[in-house]
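Numbering (this note's numbering), first residue to last: 42 to 328.
Using N, Cα and C, we set each Cβ at its ideal position, and we do this for glycine too.
Everything below concerns the one structure shown next.
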Ligand SMILES: Cc1cc2nc3c(=O)[nH]c(=O)nc-3n(C[C@H](O)[C@H](O)[C@H](O)COP(=O)(O)OP(=O)(O)OC[C@H]3O[C@@H](n4cnc5c(N)ncnc54)[C@H](O)[C@@H]3O)c2cc1C
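Have a look at this one:
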């Protein structure tokens, strides 16, 4: 295990902002995860787990303690009948296409979500009417001294929330239950959803996806547009001119720029429409 010091978090987050992690390790196996957790325990370091950093805003002061990254070096998947089992570092886009190649339907919605299986389970990621939670058959989790499992009935989830957010565990592996389908139609659906994403989302600029969770009976993008904040900029952070539900980094944004913009949007939407917007992106690190 190669533990790095003062690692720049902006290098491993899609938004491209954030200060250093005191300690950083990229793991390759379940044993590595446990070893990293034991190292943190022995050295009294708080632990932060990340995947591909596509839903994160890391503060400018960075993260105290140990960051464990579970990404491409811990990525393998297999299929047994209609069940797909994968380690948590697998990219969602890869396992979606893997399922499609085996004529298994259910993961079409996930093909354009740029995160890991572990991050998706933690966040109960979803899009276009689908979400990962209902597909989960089994989750393998790890702590410093235990490896355990949640079956379908023990893994609870709701909109952008899951049991993993309530418990201090690292997700190591999951089995998803898919449905046999027609290979061509599955790929056609993925192509259609990907085209919608490219047309509507600011994929050409760094972001962390939708900034806020969808409030009841309203859509965030149109609310922000109505409040005349589309294109509004603080430092290098901008409300996307393509989709107001995204904040993009125009090049030299700091985490503080993004935080200030989030707060300004929240205040304005509360004042104009009486609606409280809750961030969907996870804000982590020292404030
Ligand atoms: C352009 C763009 C489009 C997006 N579109 C969507 C969308 O359509 N739908 C959607 O839901 N999201 C979307 N996202 C957000 C993001 O891709 C998802 O939330 C994704 O599931 C996060 O995965 P990640 O590996 O990047 O996790 P990270 O961003 O690295 O982490 C997210 C959270 O998960 C936790 N976590 C990560 N891995 C593990 C693990 N193995 N064990 C325990 N906890 C873990 C982290 O601690 C953190 O709290 C988008 C993001 C971008 C940049």
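#1: Taking 6 Å as the cut-off, is the CB of residue 200 close to at least one heavy atom of ligand 1?
#2: Along the chain, which unbroken stretches of the alpha helix (DSSP H) at least 4 residues long are found entirely within the stretch 169-247?
#3: Could you tell me which of 312, 56, 78 sits nearest to residue 187, measuring between CA atoms?
#4: Just to check my reading of the structure: residue 57 and residue 247 have Cβ atoms closer than 8 Å, yes? What is that Cβ distance to the nearest angstrom?
#5: Should residue 161 be counted as a contact of ligand 1 given a C-beta to heavy atom distance under 6 Å?
#6: Less than 6 Å separating the Cβ of residue 164 from some heavy atom of ligand 1?
#7: Any chance the CB of residue 55 is under 6 Å from a heavy atom of ligand 1?
#8: Quick check: the stretch 288-296 against the stretch 48-68, are there 3 or more CB pairs under 8 Å?
#9: Determine the extent of the alpha helix (DSSP H) in which residue 273 is found, giving its start and end residues.
#10: Please state whether DSSP places residue 117 in a helix, a strand or coil.
#11: Could you name the residues of the same chain whose beta carbon sits closer than 7 Å to that of residue 71, not counting the 5 residues immediately before and after it, in chain order?
#12: Closer than 6 Å to a non-hydrogen atom of ligand 1 - does that hold for the CB of residue 90?
#13: Determine whether the beta carbon atoms of residue 326 and residue 99 lie at a separation below 7 Å.
#14: What residues are listed by DSSP as bridge partners for residue 253?
#15: Comparing the CB of residue 168 with every heavy atom of ligand 1, is any distance shorter than 6 Å?
#16: Could you spell out where the alpha helix (DSSP H) holding residue 138 opens and where it closes?
Let me spell this out:
#1: Taking the first residue of the chain shown as 1, we reach residue 200 at position 159. No; taking the cut-off as 6 Å, the Cβ of residue 200 has no heavy atom of ligand 1 nearer than that.
#2: 224-241
#3: Residue numbering aside, residue 187 sits at position 146 when the chain shown is read from its first letter. Here the closest residue by C-alpha is 78.
#4: Residue numbering aside, residue 57 sits at position 16 when the chain shown is read from its first letter. Residue numbering aside, residue 247 sits at position 206 when the chain shown is read from its first letter. Yes, they are in contact, since the Cβ atoms of residue 57 and residue 247 sit about 4 Å apart, within 8 Å.
#5: In the chain shown, residue 161 corresponds to position 120, counting from 1. Yes, Cβ of residue 161 sits closer than 6 Å to a heavy atom of ligand 1.
#6: Numbered from its first residue, the chain shown carries residue 164 at position 123. Yes; taking the cut-off as 6 Å, the Cβ of residue 164 has a heavy atom of ligand 1 nearer than that.
#7: As a first step, residue 55 must be located in the chain shown, where it is residue number 14. Checking the Cβ of residue 55 against ligand 1 gives yes.
#8: yes
#9: Here residue 273 refers to the residue found at position 232 when the chain shown is read from its first residue. Unbroken run through residue 273: none, as it is neither H nor E.
#10: Taking the chain shown and counting its residues from 1, the one referred to as residue 117 is at position 76. Three-state result, residue 117: coil.
#11: Position 30 of the chain shown holds residue 71. So the qualifying residues of the chain are 183, 188, 213.
#12: Numbered from 1 along the chain shown, position 49 holds the residue referred to as residue 90. Yes, Cβ of residue 90 sits closer than 6 Å to a heavy atom of ligand 1.
#13: Taking the chain shown and counting its residues from 1, the one referred to as residue 326 is at position 285. Taking the chain shown and counting its residues from 1, the one referred to as residue 99 is at position 58. In this structure, residue 99 lies closer than 7 Å to residue 326 by Cβ.
#14: Working through the chain shown from its first residue, we reach residue 253 at position 212. Its beta-bridge partners are 320.
#15: The count along the chain shown starts at 1 and reaches residue 168 at position 127. Residue 168 Cβ: within cutoff of ligand 1.
#16: Translated into positions along the chain shown, residue 138 becomes position 97. Unbroken alpha helix (DSSP H) run through residue 138: 133-142.
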